[in-house]
Structures are given as C-alpha cells and as structure tokens.
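Sequential numbering of the sequence shown, starting at 6, is according to this note's numbering.
For every residue, glycine included, the Cβ atom is placed at its ideal position computed from N, Cα and C.
Notes for the one structure printed next.
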Amino acid sequence: MNDFLGYVTRSTGIVATLLMLASLAWGLLFSARETGTRLRPAWWLDLHKGLGGLAMVFTGIHLVTAFADTDLGISLATVFVPGAAGYESTAFTWGVLAFYGLAIVVFSSWPKLLFRTRRTWRAVHLLSVPATVLACVHAYQLGSDAGTPAFRVVLVLAVAAVMYPLAFRVINVVAKTRQAPTRS
Ligand code: HEM
Ligand code: HEM
C-alpha cells in the first residue's frame, strides 16, 4: 500500500508543479495581452483558471498521500507548519510555503475575486511567482526522481518556457508605466 501511496505522492507532485508553471505562463500571457488573434482572450483566461484549479487539486492529493504514507512518517504539523519537519526540513518548508501561496492565489480568485480593488487582488495574485519557484525548489531537493536526467530535463525546459511570458510581462508593465501620463 505504501508503495502505491509513494508513487501517487511523486506523480501528483510532478503534475502539480508542471500545472503551476503552465498556469503562470498562461496568466502572464493573458495579462500582457500577448495571446495572438487566433484564439479569443477569454479562451486563454479560462484555460489559465482551469490549469490553476487543477494544480490545487493535484497538490491536495499530493499532501494527503504524503501524509498517509506511513513509511515517510509525516505528521500533520509537517504538512501545515513551515519548519516543523524533523528531517530534510528546508525542503518541506518550501513545499508548505508553496502550498499556502498556491491556496491563497486560488481561493482569493475563485469562486470570486476576494478583494475590492483590482490592484490589491493583483498584488496578492502575484504570490503565484514565488510560490511556483518554491514548489520547484522543494521538488528538486526532496523528490526521489529529482536526481534522474528525465526529471531535470523536464524541469529545466518547463522553467525555461516560462521565462518568455515572464520577460514579456515585465517589459509590458515597464512600457505601460512609461506611457502613463505624468502629473505636472
Ligand atoms: C483557479 C484560480 C485562478 C483564477 C480564477 C485566476 C484568475 C486570473 C485572472 C482573472 C487573471 C487576469 C488578470 C488581468 O490581467 O486582468 C490572472 C492573471 C494571472 N494569474 Fe491567475 N488565476 C488563478 C490561478 C492562478 C495560479 C494557480 C497561478 C500560478 C501559479 C496564477 C498566476 C497568474 C499570473 C502570474 C497572472 C498575471 C498577473 C499579472 O501579470 O498581472 N493564477 N489570473
Ligand atoms: C504547492 C505545493 C507542492 C508541490 C507543487 C509539490 C511538488 C512536489 C514534487 C514535484 C515532488 C518530487 C516528486 C518526485 O519526483 O519524487 C515532491 C516531493 C515530495 N513532496 Fe511535495 N509539493 C508540494 C508541497 C508539499 C508539502 C506541503 C509536503 C508536506 C507533506 C510535501 C511532501 C512531499 C514529499 C514527502 C515528497 C517526496 C516524495 C518522494 O520522493 O518519495 N510536498 N513534491
């Protein structure tokens, strides 16, 4: 049984990380209005929300199976309290912080936007960037598959693919700030 739970923990962790990276890329492309003309912006936004929601679901399964796998000896405190793990504690801490970051991003946006001003909501939503970075570090430090070439290649390619939307969005924000009328 524990073997099965171990495989589910590993596979759901990998899928959740890839979904977070994909959701990040889609969100950045949508907000930068870099979605081309072939597909409607609403399609990109819906896909972004779907990817984000699925990332939350897979992370939930990942936590439950990691806790249920008695070989790992993970306590509830390890799952919910950053720094509570006795061994490999920093890797767990990054995972817990990534989980909270993801949960805040998702549940401040769904089923409805929690904040009155778009500005505050966006500031909170951008927690998604450090949360995704922490998820990747957690995976790299703790995963049984982390040492394998396939894992490294997939992680490096996925992170590299997010760099284009990220750079594009940063350039887009800088350009908008410069264009904004200045008060004299
Ligand atoms: C399922 C819940 C989610 C909903 C409902 C949601 C909703 C949105 C919306 C409406 C936007 C567009 C904002 C705009 O420019 O008008 C957006 C952008 C964005 N989202 Fe999400 N999102 C969700 C989950 C996620 C997740 C899980 C991540 C990443 C881990 C993420 C990362 C982003 C990023 C980086 C942007 C671009 C923000 C910017 O550059 O200003 N979102 N999201
Ligand atoms: C957003 C949150 C999280 C994401 C995306 C995530 C993702 C991952 C990934 C990709 C792996 C590597 C799997 C492998 O290749 O072996 C992993 C490993 C692991 N994670 Fe997480 N994780 C998160 C949070 C947590 C939390 C809060 C815990 C605390 C219980 C946890 C427990 C574990 C364990 C025990 C492993 C090692 C599994 C093994 O190799 O046997 N994760 N995680």
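Any non-hydrogen atom of ligand 1 within 7 Å of residue i CB
{"i": "Lys54", "result": "yes"}
{"i": "Leu68", "result": "no"}
{"i": "Ala103", "result": "no"}
{"i": "Gly100", "result": "no"}
{"i": "Ser94", "result": "no"}
{"i": "Phe35", "result": "yes"}
{"i": "Ala136", "result": "yes"}
{"i": "Met168", "result": "no"}
{"i": "Gly32", "result": "yes"}
{"i": "Leu4", "result": "The question about residue 4 has no answer, for the chain in this structure spans 6 to 189."}
Collapsed DSSP secondary structure at residue i in the structure displayed
{"i": "Ser114", "result": "coil"}
{"i": "Thr75", "result": "coil"}
{"i": "Gly152", "result": "coil"}
{"i": "Phe192", "result": "This structure cannot settle anything about residue 192, because the visible part of the chain is limited to 6 through 189."}
{"i": "Gly11", "result": "helix"}
{"i": "Ala90", "result": "coil"}
{"i": "Ser28", "result": "helix"}
{"i": "Thr202", "result": "It is not possible to answer for residue 202, since the shown part of the chain is limited to 6 through 189."}
{"i": "Met6", "result": "coil"}
{"i": "Leu68", "result": "helix"}
{"i": "Pro170", "result": "helix"}
{"i": "Leu160", "result": "helix"}
{"i": "Leu131", "result": "coil"}
{"i": "Ala144", "result": "helix"}
{"i": "Ser16", "result": "helix"}
{"i": "Ser36", "result": "helix"}
{"i": "Ala180", "result": "helix"}
{"i": "Ala185", "result": "coil"}
Ligand 2 heavy atom lying under 7 Å from the CB of residue i
{"i": "Phe112", "result": "no"}
{"i": "Ile79", "result": "yes"}
{"i": "Asp150", "result": "yes"}
{"i": "His143", "result": "yes"}
{"i": "Met2", "result": "Absent from the model: residue 2. The displayed extent of the chain is 6 to 189, so no value can be given."}
{"i": "Leu171", "result": "no"}
{"i": "Gly11", "result": "yes"}
{"i": "Thr83", "result": "yes"}
{"i": "Ala163", "result": "no"}
{"i": "Arg15", "result": "yes"}
{"i": "Leu107", "result": "yes"}
{"i": "Phe156", "result": "yes"}
{"i": "Phe72", "result": "yes"}
{"i": "Thr75", "result": "no"}
CB contact below 8 Å: residue i versus chain D
{"i": "Val161", "result": "Protein chains in the displayed structure number just one, and chain D is not present."}
Quiz item: How do the region 62-73 and the region 31-39 stand: do at least 3 beta-carbon pairs fall below 8 Å, yes or no?
Solution: The region 31-39 and the region 62-73 do not touch, with fewer than three beta-carbon pairs separated by less than 8 Å.
Quiz item: When the Cβ atoms of the region 37-46 are set against those of the region 157-165, are three or more pairs found closer than 8 Å?
Solution: The region 157-165 and the region 37-46 do not touch, with fewer than three beta-carbon pairs separated by less than 8 Å.
Quiz item: Can at least three beta-carbon pairs, one atom from the region 77-93 and one from the region 122-138, be found at a separation below 8 Å?
Solution: As far as the Cβ criterion goes, the region 77-93 does not touch the region 122-138, which means the pair count is below three.
Quiz item: Between the region 112-121 and the region 74-82, are three or more C-beta pairs nearer than 8 Å?
Solution: With a cut-off of 8 Å, the region 74-82 and the region 112-121 do not count as touching, because too few Cβ pairs lie within range.
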